[in-house]
Amino acid sequence: MNKLEQKHISLVEQYLTDNCRLLEKKLFDYHIKDADTKDVLFALKLYQNKDGGFGQGLESDFRFPDSSPMATSIGLRILSKLEKTEEVSKMIKKAVQYLESTYDEDRKGWYAVPKVVNDYPHTPWWHYDEDEKMTVIDKNWGNPTAELIAYLYKYRKYISDLDIMNLVEHAVNYIDDKSNFNSENEVFCFIKLYNIVPKKYQIRIKEHLSNAVSQVIEYDENKWEEYVPLPLHFIKTSDQFKFKIKEKKIQSNLDYYVKTIKEKTMIDPPWGKSFYKDGLRRAYEEWKGVLTLEALEVLNNFDRIKK
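What follows is the structure in structure tokens.
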């Protein structure tokens with residue numbers, strides 16, 4: 159079995175320290191070196207605004223400082239993996255309050271970003287279309303709404319007004335009724351929902367999600383350096399439901415991560431560097447940190463890092 163050795167882990171750590179955000183360095187310390195939660199929170203608080211939402215460029219591809227549902231989904235994703243301290247709970251509660259205050263009843267969810275995104279550096283896929291009243295991301299309802307519903311269900315004790323079970327039911331009905339999938343990111347969000355909701359809902363949607371995964375996943379290893387959804391983008395731990403993803407391909411993807419980090423130290427954004435000019439220059443290095451840390455977390459979960 160191919161595994162990363164500690165010398166490769168040290169090289170990643172040095173690169174994170176020298177080139178990437180403090181947040182990814184502290185997350186590396188927490189997930190890979192078993193460091194304390196408090197240092198992650200120190201770094202993450204830099205991105206949480208007074209209204210409880212997250213912004214300040216937490217999602218590297220748009221740089222406006224205000225809160226957004228998309229950035230808040232990332233903040234809650236990080237918080238949901240941390241040790242449940244009082245300070246973690248306070249940050250989660252504030253984020254839940256933000257989501258309640260920005261919920262769009264007509265949409266039965268959230269739009270990813272407000273139109274103010276256009277006033278700050280952003281990649282083309284985050285541009286707010288004045289005619290459509292949304293970004294291209296918002297054409298798939300579940301991104302980020304399905305993931306946000308997952309966190310709201312998990313932290314429902316902090317909810318004041320939203321009917322979370324009604325939202326869960328709406329999300330389940332949505333995936334029940336959808337047959338064609340073209341957004342892997344929407345599927346990722348629904349898998350996060352699947353992993354949190356009660357078993358009765360999991361039973362209803364597991365086959366639909368397996369079908370969704372089969373439509374968007376890329377099994378051709380010759381294409382894995384391109385911007386395509388890999389098996390381990392859907393599966394993060396060895397004991398979760400696999401959505402009919404081939405075990406052989408999961409192992410091949412683990413080998414691919416090991417090989418890439420051994421050879422390159424960091425994982426480059428597969429969508430390329432051409433978008434990252436002027437006010438977005440820093441974002442490319444930030445993404446290298448984010449993507450490499452995500453791969454290391456998965457490798458660690460599958461026991462592919464030598465201790």
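In my numbering, the protein residues as written are 159 to 465.
Even glycine gets a Cβ: it sits at the ideal position worked out from N, Cα and C.
Best match in the options for proximity to residue i [C-alpha to C-alpha]
i: ALA304; options: LEU169, ILE375, MET228; result: MET228
i: LEU162; options: TYR434, TYR414, ALA441; result: TYR414
i: GLN360; options: VAL386, VAL330, PRO389, PHE339; result: VAL330
i: GLU455; options: PHE348, LYS402, LEU412; result: LEU412
i: PRO302; options: ASP176, SER226, PHE460; result: SER226
i: GLY437; options: ASN459, ASN340, PHE222, PHE186; result: PHE222
i: ASP224; options: PHE392, TYR256, LYS248, LEU199; result: TYR256
i: TYR385; options: PHE392, GLU376, ILE393; result: GLU376
i: ILE425; options: GLU383, SER337, ARG440; result: GLU383
i: ASP461; options: TYR442, GLU452, SER410, SER396; result: SER396
i: PHE433; options: ASP176, GLU365, TRP283; result: TRP283
i: LYS196; options: ILE232, CYS178, GLU244, GLU290; result: GLU244
i: ILE354; options: HIS391, HIS280, LYS336, VAL326; result: VAL326
i: LEU180; options: SER168, LEU169, VAL198, GLN164; result: VAL198
i: VAL271; options: SER247, GLU241, GLN214; result: GLN214
i: SER372; options: LEU388, GLN164, ASN380; result: LEU388
i: LEU169; options: LYS239, ASN324, LYS422; result: LYS422
i: THR281; options: ILE232, ILE463, ARG439, ASN459; result: ARG439
i: SER238; options: GLU379, ASP289, TYR311; result: TYR311
i: PHE365; options: LEU390, ASP378, LYS336, GLU379; result: As written in the sequence, residue 365 is Glu, which differs from the Phe given in the question. Answer by Cα proximity: LYS336.
i: LEU479; options: ALA253, ASP194, LYS465; result: In this structure the chain extends from 159 to 465, so residue 479 is not present and cannot be described.
CB contact flag (residue i, residue j, <7 Å)
i: SER218; j: TRP445; result: yes
i: ILE419; j: HIS189; result: no
i: VAL294; j: TYR286; result: no
i: TYR309; j: LEU234; result: yes
i: VAL345; j: ASN160; result: no
i: MET292; j: TYR269; result: yes
i: ILE250; j: TYR352; result: no
i: GLU467; j: VAL374; result: Only positions 159 to 465 of the chain appear in this structure, which leaves residue 467 out of reach.
i: ILE363; j: ILE322; result: no
i: GLY447; j: GLU171; result: no
i: GLU111; j: ASP319; result: Here the chain comprises residues numbered 159 to 465, so residue 111 is not present and cannot be evaluated.
i: PHE401; j: LEU367; result: yes
i: LEU449; j: LEU185; result: no
i: GLY111; j: PHE348; result: With the chain covering only 159 through 465, there is no way to say anything about residue 111.
i: TYR442; j: LYS435; result: no
i: PHE212; j: GLN206; result: yes
i: LYS266; j: HIS328; result: yes
i: LEU306; j: SER231; result: yes
One or two residues paired with residue i in a DSSP bridge
i: GLY210; result: According to DSSP, which records beta bridges pairwise, GLY210 is partnered with nothing at all.
i: ASP287; result: MET292
i: ASP262; result: GLY267
i: LEU162; result: ILE463
i: SER231; result: SER231 pairs with nothing; no bridge assigned.
i: ARG226; result: Checking the displayed sequence, the identity of residue 226 turns out to be Ser instead of Arg. SER226 is bridged to PHE212.
i: HIS189; result: DSSP lists no partner for HIS189.
i: PHE220; result: HIS280
Problem - Length-filtered (4 minimum) alpha helix (DSSP H) runs lying within the segment 333-373 - result: Taking only runs of at least 4 residues, the alpha helix (DSSP H) segments lying wholly in the segment 333-373 are 342-352.
Next on the checklist: I want to know whether the segment 188-203 touches the segment 260-279 - three or more CB-CB distances under 8 Å.
Outcome noted: These segments do not touch.
For this session: Note down, one range per segment and in chain order, each alpha helix (DSSP H) of at least 4 residues found wholly within the segment 404-448.
Result: Considered as a whole, the segment 404-448 harbours 405-422 as its complete alpha helix (DSSP H) runs of no fewer than 4 residues, in chain order.
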